[in-house]
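Q: In this note's numbering, the protein residues as written are 1 to 109. Even for Gly, the Cβ is constructed at its ideal location relative to N, Cα and C.
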Amino acid sequence: MLTLMLKRAFDPSEMGEEECGICGCRFEGESVLAHILEFDLGTACPACLNHLSKRNPDKFPSLEELEDAIQRYPEPVYTSAREVARLQQAEDPSVHKAFAASWLTRAAS
Ligand SMILES: [Zn+2]
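(1) Output the distance between the C-alpha atoms of F27 and P57, rounded to the nearest integer angstrom.
(2) Contact between the region 43 to 60 and the region 78 to 85 is defined here as three or more beta-carbon pairs at a separation below 8 Å; is this criterion met?
(3) Tell me where the alpha helix (DSSP H) around L63 begins and ends.
(4) Under 6 Å, CB to any heavy atom of ligand 2. Which residues pass, going along the chain?
(5) Counting Cβ pairs, one atom from each stretch, are 3 or more of them under 8 Å apart for the region 59 to 69 and the region 21 to 37?
(6) Which residues bound the alpha helix (DSSP H) around R82?
(7) Just how far apart, CA to CA, sit W103 and L6?
See below:
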């Protein structure tokens, strides 16, 4: 079974057109994406997320959760990929913390 987890885009390069790892359709990736944790499938489009969460709401985040997260975090974690590269090069530990924090855990229902 697949695992989908919402994650904030780390920098603007992670936003924009994506190909859904489940249905193969192109979609516009926003500031929060549903990542498929298995099989290197990348990210799931909102339609697939919606379908899966309706089938099994305990297992998959809902479209509402995705939309709420996009509202809550309308911007990527960092303003540019260059900023991320600079911090990584400087071995700044904040970048690891920010990466861990960019995975959004589901609110307990
Ligand atoms: Zn899809």
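A: So, from the listed chains and residues:
(1) Computed Cα separation, rounded: 22 Å.
(2) Under the three-pair Cβ rule at 8 Å, the region 43 to 60 does not count as touching the region 78 to 85.
(3) Residues L63 to R72.
(4) The model on display carries ligand 1 but not ligand 2.
(5) The count of Cβ pairs closer than 8 Å, one atom from the region 59 to 69 and one from the region 21 to 37, reaches three, so the stretches are in contact.
(6) First-last of the alpha helix (DSSP H) with R82: A81 to Q89.
(7) In a straight line, the C-alpha of W103 is about 6 Å away from that of L6.
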